[in-house]
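Residue numbering for the sequence shown follows numbering that gives the first Met the number 0, beginning at 0 and increasing consecutively.
Right, one structure below, let's go through it.
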Amino acid sequence: MTAKRPSTTTLPARAWAVLSVTLLTFVAAGSAGAYEVVLSTQGEYMDGYLVNGKAFPPRVIVDDPDPHPADSLTTQPYIEGRHLNGKVCFFPPQVTQPLLHTYNPDPTHPGDGPQAPFTRIRGTPLQGRYLVADDVYREACLDPKPPQARCSVTNPTSPFFVDKNVDGWSVFDLNGRWTRKEIHVQGQPQVDQNNDPQGSKDPQGCAFLPDGRLLTTDVGSEINGINDGALMVFFPSGPNGGYESYCFLDKGLADPGMPTLDDAGNIYVPEPQALRITKFSPPYPSSPADCANPDLLATIPPGKTTWLSGGGAGGLNIPVSITRVRSSDHFYVGGVLGPPIINEYDADGGFVRNIVPANVPKNPLGMDVGQDGTLYYAELNLDPATDNPRCGSVSMVQFDASGNPQPPVTLGVHLRFPDGITVIDSSQLRIPFKELQPSPDIPPSECGGE
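This is the structure:
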């Protein structure tokens with residue numbers, strides 16, 4: 000029942016189990032003129048919905064994944080050129096590491112010249128910046144045959160430059176620009192993604208603890224019977240802006256999805272292949288000394304319990320995503336199949352009520368909640384006969400004055416495997432969202448059909 004998230008070059012079968020990413024509680028700055036933006040990753044793009052309470056609001060490009068055309072160095076990506084997946088996570092205020100980048104010139108490349116390696120400070124501290132899961136090297140240089148032309152660029156200051164790294168998380172500044180900082184496990188990318196190091200097979204989920212430790216999930220190989228999904232913690236101390244050292248909290252998860260945190264620091268991780276949501280509780284490692292063993296597993300493992308099992312009250316069988324209910328200790332949980340559904344649960348995993356009835360949402364995945372309590376969610380729209388992805392969508396559920404959920408409203412359609420949803424206040428970033436180019440509307444034939 001599992002399959003890889005579709006590449007932008009190929010669409011593999013049975014994609015329901017691409018599952019990942021997180022909830023991060025954002026604190027809106029509330030400045031005059033600010034407005035809410037729903038960030039959505041799909042087709043390796045990042046879209047921004049300028050939500051207005053109505054169907055089909057303006058949708059703009061926040062990250063454009065590829066040059067135009069992709070097989071040349073003629074026109075650079077409209078904005079940044081990263082291949083993004085999952086949720087956006089903001090560094091907490093406590094993180095003050097400067098961003099450093101070590102530049103290793105290539106004397107065989109025009110413009111580099113015979114220079115020694117040197118280190119540049121690339122911008123201000125990480126405070127206020129954000130990260131997103133990024134698999135640009137695989138999508139641009141390994142999966143396409145032949146690779147994109149930009150894979151030959153070695154000058155890291157070039158807008159076409161792609162680092163040769165395993166999949167991980169890229170850091171962006173407040174203007175939405177890639178800082179050249181990437182966070183990932185050690186190792187080299189392999190032609191077969193399933194042979195990549197554990198922790199980099201399909202990373203998407205992220206969440207920050209208040210002290211700056213970064214929690215991430217890797218979906219793993221997504222092969223039936225092989226539970227090699229992982230939950231990790233990266234540490235903010237260290238060289239090059241930190242986050243180069245890490246420990247594993249668990250290396251045997253069943254397609255772990257997007258984690259979320261509660262106020263006590265507990266981590267909730269959907270494991271759809273195991274039909275459950277697992278709750279991890281502190282303590283968590285605080286430095287590499289807490290996992291000083293060949294497997295980098297936490298010496299003192301965190302608490303681990305099953306918070307929700309599929310098949311209980313409410314009719315949800317395969318939990319794929321979870322997000323906090325605003326101003327509450329409750330959670331919304333999305334069931335992707337059998338049936339597709341979204342329910343509300345209390346802090347102990349007890350069923351509270353249905354939010355989107357069974358078979359109404361089109362295979363929900365990423366979710367997040369707006370300032371007014373509106374629930375936003377991505378929909379995979381899987382083929383009921385094959386579970387192959389078709390043209391996905393993004394929808395919202397608003398609530399009336401009594402708190403009752405209203406019928407879903409569609410925000411965007413004709414999307415390629417939409418996964419992460421993140422709601423932000425526009426004042427959190429310096430991106431002029433209203434001035435960005437519209438996100439392209441593609442024909443249904445290019446996203447798997449309706």
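Even glycine gets a Cβ: it sits at the ideal position worked out from N, Cα and C.
No experiment lies behind these values; they were computed from the predicted model shown.
Practice task
Starting from P388, follow its DSSP beta bridges and name the residues at the other end.
Solution key: L381
Practice task
Determine, using beta carbons only, whether Y344 and M366 come nearer to each other than 7 Å.
Solution key: no
Exercise for the section: State the Cα-Cα distance for the pair P318 and D166, rounded to the nearest angstrom. Expected result: 25 Å
Practice task
Return the residue from the list D63, S308, V351 and W306 that minimises the CA-CA distance to G175.
Solution key: D63
Problem - For R275, the residue or residues it bridges with in DSSP - result: E270 and S308
Handout entry: C-alpha gap between G110 and L130, whole angstroms
Key = Its pLDDT being 34, under 50, G110 is placed unreliably by the model, and nothing is read from it.
Problem - Residue from V232, Q405, D191 and I420 with nearest C-alpha to E378 - result: I420
Practice task
Please determine, among G411, P155, D424 and I321, the residue with the shortest C-alpha to C-alpha distance to D440.
Solution key: G411
Handout entry: Status (buried if at least 16 other CB within 10 Å, exposed otherwise) for L23
Key = Low confidence applies here, because L23 scores a pLDDT of 33, under 50, leaving its location unreliable; read the following figure in that light. Buried is the call here.
Handout entry: S151 Cβ short of 6 Å to the ligand ATP heavy atom set
Key = By its list of ligands, the structure shown contains no ligand whatsoever, and the ligand ATP lies outside what it can speak to.
Problem - P388 classed as buried or exposed, judged by whether at least 16 other C-beta atoms fall within 10 angstroms - result: buried
Handout entry: Chain-order list of residues whose beta-carbon lies under 6 Å from that of P57 (same chain, five-residue window excluded)
Key = L49
Practice task
Go ahead and pull the three-state DSSP assignment for S444.
Solution key: helix
Handout entry: Distance between beta carbons of P202 and D217, contact taken as under 8 Å
Key = 5 Å
Problem - Reference L214, options I222, Y242, V59 and P92, closest by Cα - result: Y242
Handout entry: Distance between beta carbons of F234 and P287, contact taken as under 8 Å
Key = 7 Å
Problem - Residue of N239, K200 and N292 minimising C-alpha distance to L252 - result: K200
Exercise for the section: Assuming N362 and L336 form a contact by the criterion Cβ under 8 Å, report the distance between their Cβ atoms to the nearest whole angstrom. Expected result: 7 Å
Handout entry: Neighbourhood of N358 by C-beta, 8 Å cutoff - its chain only, sequence neighbours within 5 removed
Key = P338, P339 and I340
Exercise for the section: Taking only the alpha-carbon atoms, compute the straight-line gap between P116 and G186 and give it to the nearest angstrom. Expected result: Caution applies to P116, whose pLDDT of 46 falls short of 50 and renders its modelled position unreliable; the model cannot decide the point.
Exercise for the section: Go through its chain and collect everything with a Cβ distance to C390's Cβ below 7 Å, but skip five positions before and after it. Expected result: N380, V412, H413, L414, P443, C446, G447, G448 and E449
Exercise for the section: Measure the C-alpha to C-alpha separation of T322 and T156 and round it to an integer number of angstroms. Expected result: 38 Å
Exercise for the section: Out of P68, N316, V87 and L38, state which residue places its alpha-carbon closest to the alpha-carbon of Y375. Expected result: L38
Handout entry: Residue from Q405, E181, D227 and N223 with nearest C-alpha to G198
Key = D227
Handout entry: For G204, the nearest candidate out of I222, D65, T178 and Y267 (CA to CA)
Key = Y267
Practice task
Less than 8 Å between the CB atoms is what I'm expecting for R137 and P76, so what's the real figure, rounded?
Solution key: No, R137 and P76 are not in contact; Cβ-Cβ is about 17 Å, not under 8 Å.
Practice task
Could you work out which residue in G310, K86, I60 and C246 is closest to E79 when comparing CA atoms only?
Solution key: I60
Exercise for the section: Return the residue from the list S426, F89 and L364 that minimises the CA-CA distance to G333. Expected result: L364
Practice task
Return the CA-CA distance between R429 and G127, expressed in angstroms with no decimal places.
Solution key: 11 Å
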